[in-house]
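Colleague:
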Amino acid sequence: MAEELKLFRTWSSPYALRVVWALRLKGIQYETVLEDVAEKSDIVRRYNPVYKKVPVLLHNGRPISESLIILEYVDETWKQHPLLPQDPHARAMARFWARFGDDKVMQSMWTAFLSEGKEQEAALAETSEHLQKLEEELRGKKFFGGDSIGYLDITFGWLANLIRVLEETSSLKVVDCERFPLLFAWLKEFSDAPVIKDCWPPHDQLVPKFVALRQLHRSRLSST
0 MAEELKLFRT WSSPYALRVV WALRLKGIQY ETVLEDVAEK SDIVRRYNPV
50 YKKVPVLLHN GRPISESLII LEYVDETWKQ HPLLPQDPHA RAMARFWARF
100 GDDKVMQSMW TAFLSEGKEQ EAALAETSEH LQKLEEELRG KKFFGGDSIG
150 YLDITFGWLA NLIRVLEETS SLKVVDCERF PLLFAWLKEF SDAPVIKDCW
200 PPHDQLVPKF VALRQLHRSR LSST
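Under numbering that gives the first Met the number 0, the first residue of the sequence shown carries the number 0, and numbering increases by one thereafter.
Below you can see the structure in the form of structure tokens.
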């Protein structure tokens, strides 16, 4: 019986890209089902009834949701090209930094993108502190996991794409080679890897999307 593997995602989601990269790195064939972020299909609501959002990976009829959980599932199910380190402590630390990326780095950067004035300055300062920690994690390494792309590179991969989009659609300057030389070098190394760069969402579609998101947020603030 043929193995069924479907990935439900949106075209622009940085979370879904994590799963795409993981499956490509492992050479796993799958079917993509694109969803509308504004109008989730009934099937997504059925497969992820708690959060009702993508990505959702459907493997032989069994759904797995939340990108970090999906990554671990993929890594445990298909052993080729391991993503997480084998050492238990190193695995725990990889999970820690992955949560740090989502809970701290992404949140402060998003706040900086949407805000203005003193609020934006405070969010940028917080973002810089977080990025400095990532800079230190890269010391002596080509990738976060060592010499090849692994779990942490995939979880932080959104930085390589969205930083450029955020800087282009706002007044932000987040990463430069003088302040964060190791992170700057990693962004280029990661982005240029064939398995990664072939999957980026179209830049010319991302830019107007983020311009609209920022304008919508500002209009909502002005109407309250």
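Beta carbons: idealized from backbone N, C-alpha and C, even for Gly. Predicted, not measured: the structure shown is a model, and the values here were computed from it.
Quick one: give me the first and last residue of the alpha helix (DSSP H) that I224 is part of.
Modeller: Coverage of the chain is limited to positions 0 through 223, which leaves residue 224 absent and any answer about it impossible.
Colleague: Run through the DSSP bridge pairs and tell me what R44 is partnered with.
Modeller: Answer by DSSP bridge pairing: none, since R44 is not bridged.
Colleague: For F143, which of helix, strand or coil comes out of DSSP?
Modeller: Reduced to three states, the DSSP call for F143 is coil.
Colleague: Between which residues of its own chain and V224 is the CB-CB distance below 6 Å, once the five residues before and five after are set aside?
Modeller: Outside the shown range of the chain (0 to 223) lies residue 224, about which nothing can therefore be said.
Colleague: Counting only the same chain and skipping the five closest in sequence on each side, list residues whose C-beta sits under 6 Å from that of W157.
Modeller: Taken in chain order, the residues that qualify are P13.
Colleague: P54 and A15 look like a contact to me (Cβ under 8 Å); what is the Cβ gap, rounded to whole Å?
Modeller: Going by Cβ atoms, the distance from P54 to A15 rounds to 4 Å, so yes, they are a contact pair.
Colleague: Using 8 Å for Cβ pairs, my map puts F95 next to L165. What's the rounded Cβ distance?
Modeller: No, F95 and L165 are not in contact; Cβ-Cβ is about 25 Å, not under 8 Å.
Colleague: So, are the CB atoms of L130 and L182 less than 8 Å apart?
Modeller: It is a contact, given that the beta carbons lie within the stated cut-off.
Colleague: Report yes if the C-beta distance between T168 and R213 is below 8 Å; otherwise report no.
Modeller: Cβ atoms of T168 and R213: closer than 8 Å.
Colleague: What residues in its chain sit with their C-beta under 8 Å from that of N47, if we drop five residues either side in the sequence?
Modeller: Contacts found: V53, V55, P62 and S64.
Colleague: Is K5 helix, strand or coil by DSSP?
Modeller: Looking at K5 - three-state DSSP - the assignment turns out to be strand.
Colleague: Thinking C-alpha only, which one of Y29, D152 and A184 is nearest I195?
Modeller: Minimum Cα distance to I195 is reached at D152.
Colleague: Leaving aside the five residues before and after S11 along the sequence, list all residues of the same chain whose C-beta is less than 7 Å from its C-beta, in chain order.
Modeller: Around S11: P200, L205 and K208.
Colleague: Considering V194, what are the terminal residues of the alpha helix (DSSP H) in which it resides?
Modeller: Residues P193 to K196.
Colleague: So if DSSP puts L57 in a beta bridge, which residue, or which two residues, is it bridged to?
Modeller: Its beta-bridge partners are K5 and P62.
Colleague: Residues in the same chain with beta-carbon distance under 7 Å from R119, minus the five sequence neighbours each way, listed in chain order, please.
Modeller: One point to set straight first is that residue 119 is Gln, not Arg, in the sequence displayed. If we look at Q119 and ignore the five residues flanking it on each side, its Cβ neighbours are A111.
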